[in-house]
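Numbering (the UniProt record's numbering), first residue to last: 1 to 310. Backbone N, C-alpha and C define an ideal beta-carbon position, used for all residues, glycine too. From a predicted model like this one, the values you see are computed outputs, not experimental measurements. Since the structure comes first, as structure tokens, the remarks are kept for the end.
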């Protein structure tokens, strides 16, 4: 059933008793490294740092592309599939002649302004779906121009999203967003630039491992800590490649890629989510390859458990 049902408007279709609980207490499917589907294979390598100096080697960029692409479809398709939280990592290219040109990145680069416009168009046509954008990392923001870059990006978003931006409040609900006609929340991971229209950093818990057992153990510890939460937090199901030479164990598998690794582990992780939800609350649950394996359906249905008071 999860395959045929559309999740493009799942928030507006939730039972009425869930319209008035804080968004921090809804189970919301999220996309980890949301922009990695559109990495530019001709750009230089940003991470892992040790491979930067080999950026000129095409086949190495190609391998990194294979292992850095954690999403398979564009942001509009991720939204249509039901993802509502997006992990957006910002970077500026060194020596860029355009002083305010910014990119999203994950290992390689991809452009920002077009994607934010795509999100805005989608938000306009789905006014009851609340989108949470988490902007972080800000790679390559040199001290001299850092303030200018941040101000440029923030001004661009304010002008683009306009009245759709939800101002920071203590406990936003679906109903309060709908009544104000707001459906975009921007979290900004730089305390210096926080203003009423920008929400503070959203903590992202993850296992920092390729081992499913390690991932679930670390997430359990984090969820125990968050039992009385009063703000958004993310439970990241994503496996993480090692940052040292152990990465070669994975990226040198010629016939494999990151997507396949994630897909093999996701069904078991989703079973864990279902069991864990009965013990500890969850808010945003983020994953790679969000359009696969009933990920969205599983997370959205957690809300129905809550509505039934089970």
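- The alpha helix (DSSP H) runs lying completely inside the region 185-234 and spanning 4 residues or more are 212-225, given in chain order.
- Note that the C-beta distance between residue 261 and residue 239 is below 8 Å.
- The criterion of a C-beta distance shorter than 8 Å is satisfied by residue 205 and residue 234.
- In the three-state reduction of the DSSP assignment, residue 166 falls in the coil class.
- About 18 Å separates the Cβ atoms of residue 184 and residue 102, ruling out a contact at the 8 Å cut-off.
- In this structure, residue 167 lies near residue 196, with their beta-carbon atoms less than 8 Å apart.
- The C-alpha of residue 148 is placed about 42 Å away from the C-alpha of residue 265.
- The alpha helix (DSSP H) runs lying completely inside the region 118-165 and spanning 4 residues or more are 143-161, given in chain order.
- In terms of Cα proximity to residue 11, the closest of 92, 121, 126 is 126.
- Here the alpha carbons of residue 222 and residue 27 stand approximately 16 Å from one another.
- Under DSSP, residue 236 shares a beta bridge with 286.
- Per the Cβ contact rule, the region 134-154 is in contact with the region 78-98 (3 or more Cβ pairs under 8 Å).
- Setting aside the 5 residues that flank it on each side, residue 173 is surrounded in the same chain by 19, 20, 21, 22, 23, each with a C-beta closer than 8 Å to its C-beta; the list follows chain order.
- Residue 117 and residue 246 have their alpha carbons spaced roughly 38 Å apart.
- Rounded to whole angstroms, the gap between the alpha carbons of residue 7 and residue 81 is 6 Å.
- Inter-residue distance for residue 17 and residue 143 is about 48 Å (C-alpha atoms, whole angstroms).
- Note on geometry: alpha-carbon atoms of residue 267 and residue 224 lie some 23 Å from one another.
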